[in-house]
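Asker: In the UniProt record's numbering, the protein residues as written are 1 to 242.
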Amino acid sequence: MHPDPLTLIDAGDEDAHWADLLSPARRRLIASAGLAAGGLASASTAAAAPRGESTVNTTEPGRPGFRAIVPPPVKGSSPWGQVTASEPTPRPASVRPGEATLPATPRAYTDIKSYHAHIYFDEDSFEKAALLRRWAAERFPVELGNWNLEPRGPHVTPSFYFGFTNDLLPVLVPWLQLNSLGLTILIHPNTGDGRADHLYYALWVNRAQPVNAYNWPAPKPGEREPLEEVFPNVVPRVPLET
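#1: Restricting to Cα atoms, I'd like to know which of D193, Y120, N212 is closest to K220.
#2: I need the straight-line Cα distance from E241 to L168, nearest angstrom please.
#3: Which parts of the segment 101-151 are runs of the beta strand (DSSP E), unbroken and 3 residues or longer, counting only runs that do not cross its ends?
#4: Do you know whose CA, among T191, S78, Y161, P236, lies nearest R107's CA?
#5: Hey, would you say P232 sits closer than 7 Å to E143, going by beta carbons?
#6: Between the beta-carbon of F140 and the beta-carbon of A129, is there less than 7 Å?
#7: Compare the Cα-Cα distances from L203 to each of G182, H188, W216 and report the closest residue.
#8: Please go through the segment 151-190 and give each complete beta strand (DSSP E) segment of 3 or more residues, from N-terminal end onward.
#9: So, residue 319 versus L172, is the Cβ gap smaller than 7 Å?
#10: Would you mind stating whether S114 and V238 have Cβ atoms separated by less than 7 Å?
#11: Taking the straight line between their C-alpha atoms, what separation do you get for G98 and A117?
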């Protein structure tokens with residue numbers, strides 16, 4: 001009687017997978033990976049250890065304790081010197097026009113002899129300016145100036161102006177406030193100091209804009225420029241709305 005033949009069992013892919021993992025070549029590979037991971041962990045631990053005094057992060061000139069991201073600046077000296085931090089910081093001289101110090105008494109309001117109103121416009125708002133110009137000439141005895149398409153004098157945009165006497169001030173200023181049509185308007189007195197009249201004694205209707213009068217020579221103390229008088233050149237023909 002012959003022994004039963006060996007029964008062969010197909011282990012399938014799972015047994016083949018385990019056999020592959022336990023092969024000598026695969027075991028050596030796994031061992032090598034473990035050693036590498038251990039080395040990385042040791043390096044991380046060493047990097048986290050406290051540094052000595054020689055490696056302290058500092059910004060002391062010539063001894064940086066950090067790695068510069070950009071190249072260091074070229075060597076040299078500042079043209080301002082090395083002691084600017086210790087310079088004194090005194091009060092500057094007064095910039096009040098024509099005066100070195102603050103005045104001892106207020107200026108007399110009677111120094112104002114007349115007024116100018118400058119109305120500014122551009123290519124988008126010129127129709128409003130033309131309408132306001134016509135309204136003013138129809139209602140007030142003013143000195144009406146040119147229609148300036150380019151900057152003129154200290155005025156840096158297209159503009160026109162009209163001059164008026166002091167007696168019209170309490171009427172013309174509120175009238176311009178209500179009828180400005182959104183335009184920028186400069187109202188300044190004429191006192192014999194054109195620079196100060198335009199820069200420091202001015203009133204603005206709506207937003208202000210630059211006035212290029214800083215290079216205008218200021219009169220010396222006690223002196224006055226030739227006064228710019230107002231000579232009305234229009235005759236009003238429309239009754240003023242009240």
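Beta carbons: idealized from backbone N, C-alpha and C, even for Gly.
Answerer: Straight from the coordinates:
#1: D193
#2: If you draw a straight line from the Cα of E241 to the Cα of L168, it comes to about 15 Å.
#3: Here the runs fully enclosed are 114-120.
#4: If we check each option's Cα against that of R107, T191 comes out closest.
#5: yes
#6: no
#7: H188
#8: 159-165, 185-190
#9: Only positions 1 to 242 of the chain appear in the structure, and residue 319 is not among them; the question remains open.
#10: no
#11: With a pLDDT of only 49 at G98, under the threshold of 50, the placement of this residue in the model should not be trusted; the figure read from the coordinates follows. Approximately 24 Å between the Cα atoms of the pair.
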